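Asker: The structure that follows is given in the form of structure tokens.
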Amino acid sequence: MLKLFGNKKSRAFRVLWALEEMQLEYDFAPSLPRSDEVRAMNPSGKIPCFMDGDDVILDSVAIIQYLADKHGLLTYPAGTIERARQDGFTQFANDEMDGTLWTAARNSFILPEDKRVPAIKPTLRWEYLQSMKTLAERLGKREYLMGDTFTVADIITAHCGTWARTAGFESGQPVIEAYIERATARPAYKRALAV
Numbered sequence: 241m242l243k244l245f246g247n248k249k250s251r252a253f254r255v256l257w258a259l260e261e262m263q264l265e266y267d268f269a270p271s272l273p274r275s276d277e278v279r280a281m282n283p284s285g286k287i288p289c290f291m292d293g294d295d296v297i298l299d300s301v302a303i304i305q306y307l308a309d310k311h312g313l314l315t316y317p318a319g320t321i322e323r324a325r326q327d328g329f330t331q332f333a334n335d336e337m338d339g340t341l342w343t344a345a346r347n348s349f350i351l352p353e354d355k356r357v358p359a360i361k362p363t364l365r366w367e368y369l370q371s372m373k374t375l376a377e378r379l380g381k382r383e384y385l386m387g388d389t390f391t392v393a394d395i396i397t398a399h400c401g402t403w404a405r406t407a408g409f410e411s412g413q414p415v416i417e418a419y420i421e422r423a424t425a426r427p428a429y430k431r432a433l434a435v
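Residue numbering for the sequence shown follows this note's numbering, beginning at 241 and increasing consecutively.
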């Protein structure tokens, strides 16, 4: 049995979305970071945590890629040039989008107040804009990152795009905004929101 621990206002939403895209049966256990239940699976207390039977998997990207590989959905086969390109987009989203947004969040409300560096936020906004220019060039006129095929990379990228909007980070790129709208208009995204 598949079971996801986390909350929808975290990276656990990516896993919910992927599960809905793959139409897999699963249980969702709403969980807060650092709860006893979560710490029993992940000493850091971070969410999401995922169980496939008795096996625990941590990190949203690892969970989604594991499920995609296991079920042959939302991914290209390992060892193909398409998979390498897909992984490149996934890593771009993780490094250039998620990393920037997470640094902003940590310096806004996560770190102890005396450890925050609020002055970094304008630099992060600038960095995000530069990354969005690059992503817009890479996306071009394609429907999704890999063309007509929706993949793991799209879930991570579009999720970061919605997170950026919530955090007040603008992409400055109409092609990126249209891409996020297409991705989040998918029925599986709407089902994940309703969980």
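Cβ coordinates follow ideal geometry from the N, Cα and C atoms, glycine included.
Values in this document were obtained by computation on a predicted structure and should not be read as measured data.
Using alpha carbons as the reference points, say which of 367, 291, 257 and 275 lies closest to residue 409.
Answerer: Measuring from the Cα of residue 409, the nearest candidate turns out to be 367.
Asker: Could you pull out every residue in the same chain whose Cβ sits closer than 8 Å to the Cβ of residue 279, ignoring the five residues on either side in sequence?
Answerer: Closer than 8 Å at Cβ, skipping near neighbours: 285.
Asker: Is the number of C-beta pairs between the segment 355-372 and the segment 299-319 that are closer than 8 Å three or more?
Answerer: Segments in contact, no.
Asker: Between the segment 300-318 and the segment 251-258, do three or more beta carbon pairs fall short of 8 Å?
Answerer: Yes, since at least three Cβ pairs between the segment 300-318 and the segment 251-258 fall closer than 8 Å, the two stretches touch.
Asker: So what does residue 360 bridge to, in DSSP terms?
Answerer: According to DSSP, which records beta bridges pairwise, residue 360 is partnered with nothing at all.
Asker: Name the residue from 384, 282, 253 and 281 whose alpha carbon lies nearest to the alpha carbon of residue 268.
Answerer: Answer by Cα proximity: 253.
Asker: Tell me which residue opens and which closes the alpha helix (DSSP H) that residue 310 is part of.
Answerer: Counting along the chain, the alpha helix (DSSP H) containing residue 310 begins and ends at 300-311.
Asker: Please report how far the alpha carbon of residue 421 lies from the alpha carbon of residue 411, in whole angstroms.
Answerer: Distance between the alpha carbons of residue 421 and residue 411 is about 13 Å.
Asker: Within its chain, find whatever has a CB closer than 8 Å to the CB of residue 311; leave out the 5 residues flanking it on each side and keep chain order.
Answerer: Within the same chain, residue 311 has close Cβ partners 262 and 264.
Asker: Which residues in the same chain as residue 413 place their Cβ atom closer than 6 Å to its Cβ, once the five residues preceding and following it in sequence are excluded?
Answerer: Only 372 and 376 meet the Cβ criterion.
Asker: Restricting to Cα atoms, I'd like to know which of 273, 292 and 291 is closest to residue 283.
Answerer: Here the closest residue by C-alpha is 273.
Asker: Roughly how many whole angstroms lie between the Cα atoms of residue 389 and residue 383?
Answerer: Taking the straight line joining both Cα atoms gives about 8 Å.
Asker: What does a CB cutoff of less than 8 Å around residue 326 pick up in its chain, not counting 5 residues either side in sequence?
Answerer: Closer than 8 Å at Cβ, skipping near neighbours: 315, 316, 385, 386, 391, 392 and 393.
Asker: Can you tell me whether residue 351 is helix, strand or coil according to DSSP?
Answerer: Three-state result, residue 351: coil.
Asker: Please report how far the alpha carbon of residue 292 lies from the alpha carbon of residue 281, in whole angstroms.
Answerer: If I take the Cα positions, the gap works out to 13 Å.
Asker: Who are the Cβ neighbours of residue 417 in its own chain at under 7 Å, not counting the five residues just before and after it?
Answerer: Excluding sequence neighbours, residue 417 sits near 411.
Asker: Distance check for residue 270 and residue 427, CA to CA, integer angstroms please.
Answerer: If I take the Cα positions, the gap works out to 22 Å.
Asker: At the level of alpha carbons, what is the spacing between residue 334 and residue 403?
Answerer: C-alpha separation (whole angstroms): 13 Å.
Asker: Out of curiosity, what's the CA-to-CA distance linking residue 245 and residue 290?
Answerer: Residue 245 and residue 290: Cα-Cα distance of roughly 6 Å.
Asker: Among residues of its own chain, excluding the 5 on either side of residue 429, which ones have a beta-carbon nearer than 6 Å to its beta-carbon?
Answerer: Taken in chain order, the residues that qualify are 257.
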